[in-house]
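> Before I ask anything, here is the structure I am working with.
2 protein chains.
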Amino acid sequence: MSDVSDYITDHKEQFKDELFEFLRIPSISTSSEHKEDVRNAANFLIKNLKSLNLDRVELFETDGNPIVYGELETDHSKPTVLVYGHYDVQPPDPLDLWKTQPFEPTVREGDIYARGASDDKGQSFTHVKALEAYQKSGKEFPVNIKFIFEGEEEVGSPNLVPFIESHQELLSCDMVLISDTAMFAEDTPSITYGLRGLAYMEVEVTGPNRDLHSGVYGGAVKNPANALAEIIAKLKDDNGVIQIPNFYDKVKVLSEEEREAYSKLPFDEEKYKNDLGLKKLHGEKGYSTLERASARPTLDVNGLWSGYQGEGAKTVLPSKAGAKISMRLVPDQDPKNIAQLFKEHVESIAPETVSVTVTKHHGGHPAMTDLSFYGLKAAAEAFEEVYNKEPLFSREGGSIPIVADFQKILGAQSILMGFGLNSDAIHSPNEKFALKDFYRGIQTSAKFFEVLPDYG
Amino acid sequence: MSDVSDYITDHKEQFKDELFEFLRIPSISTSSEHKEDVRNAANFLIKNLKSLNLDRVELFETDGNPIVYGELETDHSKPTVLVYGHYDVQPPDPLDLWKTQPFEPTVREGDIYARGASDDKGQSFTHVKALEAYQKSGKEFPVNIKFIFEGEEEVGSPNLVPFIESHQELLSCDMVLISDTAMFAEDTPSITYGLRGLAYMEVEVTGPNRDLHSGVYGGAVKNPANALAEIIAKLKDDNGVIQIPNFYDKVKVLSEEEREAYSKLPFDEEKYKNDLGLKKLHGEKGYSTLERASARPTLDVNGLWSGYQGEGAKTVLPSKAGAKISMRLVPDQDPKNIAQLFKEHVESIAPETVSVTVTKHHGGHPAMTDLSFYGLKAAAEAFEEVYNKEPLFSREGGSIPIVADFQKILGAQSILMGFGLNSDAIHSPNEKFALKDFYRGIQTSAKFFEVLPDYG
Chain A
1 MSDVSDYITD HKEQFKDELF EFLRIPSIST SSEHKEDVRN AANFLIKNLK SLNLDRVELF
61 ETDGNPIVYG ELETDHSKPT VLVYGHYDVQ PPDPLDLWKT QPFEPTVREG DIYARGASDD
121 KGQSFTHVKA LEAYQKSGKE FPVNIKFIFE GEEEVGSPNL VPFIESHQEL LSCDMVLISD
181 TAMFAEDTPS ITYGLRGLAY MEVEVTGPNR DLHSGVYGGA VKNPANALAE IIAKLKDDNG
241 VIQIPNFYDK VKVLSEEERE AYSKLPFDEE KYKNDLGLKK LHGEKGYSTL ERASARPTLD
301 VNGLWSGYQG EGAKTVLPSK AGAKISMRLV PDQDPKNIAQ LFKEHVESIA PETVSVTVTK
361 HHGGHPAMTD LSFYGLKAAA EAFEEVYNKE PLFSREGGSI PIVADFQKIL GAQSILMGFG
421 LNSDAIHSPN EKFALKDFYR GIQTSAKFFE VLPDYG
Chain B
1 MSDVSDYITD HKEQFKDELF EFLRIPSIST SSEHKEDVRN AANFLIKNLK SLNLDRVELF
61 ETDGNPIVYG ELETDHSKPT VLVYGHYDVQ PPDPLDLWKT QPFEPTVREG DIYARGASDD
121 KGQSFTHVKA LEAYQKSGKE FPVNIKFIFE GEEEVGSPNL VPFIESHQEL LSCDMVLISD
181 TAMFAEDTPS ITYGLRGLAY MEVEVTGPNR DLHSGVYGGA VKNPANALAE IIAKLKDDNG
241 VIQIPNFYDK VKVLSEEERE AYSKLPFDEE KYKNDLGLKK LHGEKGYSTL ERASARPTLD
301 VNGLWSGYQG EGAKTVLPSK AGAKISMRLV PDQDPKNIAQ LFKEHVESIA PETVSVTVTK
361 HHGGHPAMTD LSFYGLKAAA EAFEEVYNKE PLFSREGGSI PIVADFQKIL GAQSILMGFG
421 LNSDAIHSPN EKFALKDFYR GIQTSAKFFE VLPDYG
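If you want it as structure tokens, here you go:
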């Protein structure tokens, strides 16, 4: 292994330069004007994989952005690992809050600042570089490996599931390896065994058929912005409990054992609060902050708009008001079911003096990996070896809907080997990824492949 | 008088062309980038007044946009009328809803479409043209006249009151004539004797110090957009009653006589509702639509914003959420007092898990003119003469804060001689003003000046 590890140590600059090239591509999948940039990011990966002497590297077209595929079979009797990542990124706005340009990666105090640095270009690229270390140092790769990179993760992966369904043999594997989560804290490696799902909705309230003068009509007409606020206010009570009927029906109750484990995780609530600049935290009554942020479902407004948002004052009674509202789900909530419950409830509480339209954006299933799975044990050893610390096992609040889909379609459990940090600001301005964790990530990945056959 | 009336009839095209030149100037006072355009509109009026052989025409500088002044003294024993108008306009957005460009006036089916056509360039220009008809047809002007046009009405006239206070002798008059209101309906002239006041506020709610990933943090942090919605929802109950303590304390109760007069006004509620595309109207319980829209105070959201407003979905837990909220006031509510009550109440109901900042935009006092005032009788005769119809007397829901200020500082009551219509869409896309009412307005103004000495 030392050849491989040495190769990684010796090629840090090259790996960084390559990652920077990857990060410079503004592959924003939520915006149709960046369609070509998204494809450029896919081609970057294709080119990079092609330099590694794999058995097969291919760009698969879909109805949306292409899927990057690569595979190397070394020994049929060894485990096959499917590495999943995504090469698309979130939009960078609000742009004016970035200290340096989102698509011009910059290192400050050991962190790479760029959109996608952590989510997910920087993290997923570690596995490509781990493979390179084996291939270029002349060491035989210890397992069979397949890569699948998609370009639509940030828009709900509309074409990935159909692709997996129609390519089950191509993608057949013993486990899926994903680096798209965060470590529990700095220098505190952790393996995520649970993820939340998502149901993302949009509510549009229409009052009068045009913007009105608030003096002339005010008082005689229901204001759609007031109506929207009233609807949103009714979705949760003061204890943070979601008021949609049957919303909690399928929620797996936290066991005493799990709550016990939660309470033992290293977590400084005061620091967490101060880091966010908050006087006081808020969440569902009866649960701890960590439980609220990962093991309990949520309902959050993600966007809100109506009327005049400019400088100064405009006395308009707006015609329309809208909101993007999403719910994070936990096992065994079903995103389609929750979306329907949301829609029915919002329609039922909307006053009859306005019209309300509820539409569904993407959704995803929550997921959990069996704690006794052998892949998790190999990942734990790799982490311990590189970080000199036993990794924690925890659930995470974010969603990687594909984890549930891999389980369902390929029958494969996922290993969520995160190298990022929660403070990476992955959907915010100034997204970052620690350079040292990019390098340790590559080492951990290489180690994982090395030790995996011992467990399988 | 026939010389004057004939002059108006003979010069319709010229008057229209001049108004169009005025309307082409995008004098948007809410936007600092239009500062020069606002000044151009003032200079347009200066030039126009200078062509009318007045005793004095002057551009007064203020800390903001300039004030246009003109005067003509004919006979010291005759009444002096101060004509007030404003040459600034509302912003035209949303631009994409305009059928023709807001600053390229276009006539369609007898209506002039342009920002400012009705509010207030078209309406206030009638009095300038009425004076021209006397001056150019060789008829002696029947009263003394003064003009004051400001360029900050749409931003709350911050410099007008100081100007009036420091120029009380210059502006001394027996009454103020204002055309900035609407007729009750088409071909239904009306004189407005009551106006609502205004308190315009902005509320900003701050949660975490940065936008967060709604998966990672959702559930553990109070969402400022949800918090803002909850605050707004608490400001009114389901009966449309405003919940701010002491809000209604100073509201003048509608007398039985006034309610009786309200009920006799020609008003088709079904048509009103259908015109707005509404299934059902909504307002304060216990009051009629006309009462709600003019004699009762209101609270309306004028603008709302938070998080991601773009296409698709972004799973952000926003750092901030904001709203513009205004209240229309009725006699004898005081805008400063109401603004303070609003601020205190919002701060008191804001959850301690977020920070809330309440700031005050402009405000204005409500006003009422004595129904027995002789100027109103002269205005009624002028309307009846031109429109062949006795004008209605009514209260209006909009605000012209300066009316209360003229009363307080100059001791002068106002005559609100509106030529516009409520359907003029004055703060909306496709603002219009009927061309025939522009011409009838000039005739009515000329008639008013003619008959006024008989009443005074």
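Chains as they are written, first to last, in the UniProt record's numbering: chain A, 1 to 456; chain B, 1 to 456.
Glycine included, each C-beta is placed from N, C-alpha and C at the ideal position.
Keep in mind the model is a prediction, meaning the values are calculated, not measured.
Quick one: list the residues of chain B neighbouring Arg296 (chain A), beta-carbon separation under 7 Å, in chain order.
Chain B residues near Arg296 (chain A): Gly219.
> Check Val155 (chain A) in the structure and name its three-state DSSP category.
The answer is helix: DSSP assigns Val155 (chain A) an H, G or I state.
> If you run the structure through DSSP and keep just helix, strand and coil, what is Thr74 (chain A)?
Here Thr74 (chain A) sits in coil by DSSP.
> Return the first residue and the last residue of the beta strand (DSSP E) that Asp300 (chain A) is part of.
Note, Asp300 (chain A): beta strand (DSSP E), Asp300 to Gly307.
> Would DSSP call Thr192 (chain B) helix, strand or coil?
DSSP places Thr192 (chain B) in strand when its eight states are reduced to three.
> Use the C-beta contact count for Arg56 (chain A): other C-beta atoms within 10 angstroms, 16 or more gives buried, fewer gives exposed.
Arg56 (chain A) is exposed by the Cβ-count criterion.
> Report the residues of the stretch 230 to 242 of chain A with a CB closer than 9 Å to any CB of chain B, ordered along the chain.
Under the 9 Å Cβ criterion, the stretch 230 to 242 of chain A contributes Glu230, Ile231, Ile232, Ala233, Lys234, Leu235, Lys236, Asp238 and Gly240.
> State yes or no: is the beta carbon of Tyr200 (chain A) nearer than 9 Å to at least one beta carbon in chain B?
Yes - at least one Cβ of chain B is within 9 Å of the one on Tyr200 (chain A).
> For Pro274 (chain B), count neighbouring C-beta atoms within 10 Å of its own C-beta (all shown protein chains included) and say buried if the count is 16 or more, exposed if not.
Going by the sequence as given, residue 274 (chain B) is Asn instead of Pro. Exposed is the call here.
> Comparing C-alpha positions only, which one of A:Asp268, A:Gly240 and A:Lys280 sits nearest to Asp300 (chain A)?
Among A:Asp268, A:Gly240 and A:Lys280, the Cα nearest to that of Asp300 (chain A) is on A:Gly240.
> What does DSSP give as the partner residue(s) for Ser414 (chain A) in the beta ladder?
The partner list for Ser414 (chain A) (beta bridge, DSSP) reads A:Val176.
> Could I get the ranges of all uninterrupted beta strand (DSSP E) runs contained in the stretch 371 to 418 of chain B, with 3 residues as the minimum, in chain order?
Listed in chain order, the complete beta strand (DSSP E) runs (minimum 3 residues) inside the stretch 371 to 418 of chain B are 392 to 396 and 414 to 417.
> So the candidates are B:Arg210, B:Gly398, B:Lys447 and B:Asn53; which of them puts its Cα closest to the Cα of Ser326 (chain B)?
Among B:Arg210, B:Gly398, B:Lys447 and B:Asn53, the Cα nearest to that of Ser326 (chain B) belongs to B:Gly398.
> Using the beta-carbon count (16 or more within 10 Å), is His127 (chain A) buried or exposed?
Buried, since its Cβ has 16 or more Cβ neighbours within 10 Å.
> Sort A:Ile242, A:Phe184, A:Gly218 and A:Phe393 by Cα distance to Phe419 (chain A) and report the nearest one.
With distances taken between Cα atoms, Phe419 (chain A) lies closest to A:Phe184.
> Please classify Pro105 (chain B): is it buried, with 16 or more other beta-carbons within 10 angstroms of its beta-carbon, or exposed?
Buried, by the Cβ-count rule.
> Can you say whether residue 523 (chain B) is buried or exposed, counting buried as having 16 or more other CB atoms within 10 angstroms of its CB?
Residue coverage of chain B in this structure runs from 1 to 456, which leaves residue 523 (chain B) outside it and unanswerable.
> Look up Arg56 (chain B) in the DSSP assignment and say whether it is helix, strand or coil.
Of the three classes helix, strand and coil, the one that applies to Arg56 (chain B) here is strand, per DSSP.
> For His86 (chain A), collect the residues of the same chain with a Cβ closer than 6 Å to its Cβ; drop the 5 residues on either side in sequence, then sort them by chain order.
Cβ neighbours of His86 (chain A) beyond the five flanking positions: Asp120, Glu150 and Glu153.
> By the 9 Å beta-carbon criterion, what residues does the stretch 297 to 312 of chain B contribute toward chain A?
Flagged, chain order: Pro297, Thr298, Leu299, Asp300, Val301, Asn302, Gly303, Leu304, Trp305, Ser306, Gly307, Tyr308, Gln309, Gly310, Glu311 and Gly312.
> Please list, in chain order, the chain A residues whose beta carbon lies closer than 9 Å to that of Ala425 (chain B).
By Cβ distance, chain A contributes Arg210, Asp211, Leu212 and His213.
> Quick one: does Thr353 (chain B) have its CB under 9 Å from some CB of chain A?
At least one chain A Cβ lies under 9 Å of Thr353 (chain B).
> If you run the structure through DSSP and keep just helix, strand and coil, what is Asn239 (chain B)?
DSSP places Asn239 (chain B) in coil when its eight states are reduced to three.
> Within the same chain, show all residues whose beta-carbon is closer than 8 Å to that of Pro66 (chain B), passing over the 5 residues directly before and after it, in chain order.
These residues qualify, in order along the chain: Arg39, Ala42, Leu59, Phe60 and Gly151.
> Closest by CA to Val356 (chain A), which one among A:Leu376, A:Gly138 and A:Ala323?
It is A:Ala323.
> Just grab the DSSP bridge partners of Val356 (chain A) for me.
BP columns for Val356 (chain A) point to A:Val205.
> At a cut of 8 Å, does the stretch 308 to 323 of chain B reach the stretch 266 to 280 of chain B through at least three beta carbon pairs?
Verdict: no, contact absent.
> Might you give, ordered along the chain, the residues of its own chain that have their beta carbon closer than 6 Å to the beta carbon of Lys129 (chain A), omitting 5 neighbours on each side?
These residues qualify, in order along the chain: Phe15 and Ile442.
> Is Glu344 (chain A) helix, strand or coil by DSSP?
Helix at Glu344 (chain A).
> By DSSP, does His34 (chain B) sit in helix, in strand, or in coil?
His34 (chain B): helix per DSSP, three-state reduction.
> How is the beta strand (DSSP E) around Val86 (chain A) delimited, first residue to last?
Before going on, a small fix: residue 86 (chain A) reads as His here, not Val. That run of the beta strand (DSSP E) goes Thr80 to His86.
> For Ala225 (chain B), return the contacting residues in chain A, with the cut-off set at a CB-CB distance below 7 Å.
Chain A residues near Ala225 (chain B): Val301 and Leu304.
> So, helix, strand or coil for Ala434 (chain B), using DSSP?
Looking at Ala434 (chain B) - three-state DSSP - the assignment turns out to be strand.
> Classify Asn246 (chain B): buried if its beta carbon has 16 or more other beta carbons within 10 angstroms, exposed otherwise.
When all chains shown are included, Asn246 (chain B) counts as exposed.
> So, with DSSP's three-state summary, where would you put Ser137 (chain A)?
Three-state result, Ser137 (chain A): helix.
> Which residues in chain A sit within 9 Å of Lys279 (chain B), going by Cβ to Cβ distance?
Those within 9 Å of Lys279 (chain B) in chain A are Glu352, Thr353, Val354 and Ser355.
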